[in-house]
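**Student:** Take a look at the following structure, please.
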Amino acid sequence: MVKFLTLLILLAFAWWRFKRWWRVRQLKAQGQPVPEETGIRPITLLSIVLLGVYGGFLLWHLFGQPQ
Numbered sequence: 030m031v032k033f034l035t036l037l038i039l040l041a042f043a044w045w046r047f048k049r050w051w052r053v054r055q056l057k058a059q060g061q062p063v064p065e066e067t068g069i070r071p072i073t074l075l076s077i078v079l080l081g082v083y084g085g086f087l088l089w090h091l092f093g094q095p096q
């Protein structure tokens, strides 16, 4: 289950970055200024999401087992 969730997250991240790259490419071709990315970096956001997914899975696995 976590493997599929991770795959979906990675595909969504790749799609998001591809859309950003395509938009910047089009703006540059038109000679328009490219807005600068502000805030949290995309790779940092991806690492936080994946850490949350795997941390949640670990906690679910540890505390969800009958004793």
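Position one of the sequence shown corresponds to residue 30 (the numbering used here), numbered consecutively onward. Beta carbons are placed, not taken as given, at the ideal position from N, Cα and C, and that holds for glycine.
Take L75 and list the residues in its own chain whose beta-carbon comes closer than 6 Å to its own, dropping the five residues that flank it on each side.
**Tutor:** Counting from one through the sequence shown, the residue named residue 75 turns up at place 46. Answer for L75: F42, listed in chain order.
**Student:** Mind the definition here: the region 44-54 touches the region 78-96 only if three or more C-beta pairs lie below 8 Å; say whether that holds.
**Tutor:** No, they do not touch.
**Student:** Please state whether DSSP places Q61 in a helix, a strand or coil.
**Tutor:** Here residue 61 refers to the residue found at position 32 when the sequence shown is read from its first residue. Q61 falls in the coil class under three-state DSSP.
**Student:** Indicate whether L80 and I38 have their beta-carbon atoms separated by less than 8 Å.
**Tutor:** The count along the sequence shown starts at 1 and reaches residue 80 at position 51. The count along the sequence shown starts at 1 and reaches residue 38 at position 9. Cβ atoms of L80 and I38: not closer than 8 Å.
**Student:** Under the three-state reduction of DSSP, which class applies to I69: helix, strand or coil?
**Tutor:** Against the sequence shown, residue 69 aligns to sequence position 40. The answer is coil: DSSP assigns I69 none of H, G, I, E or B.
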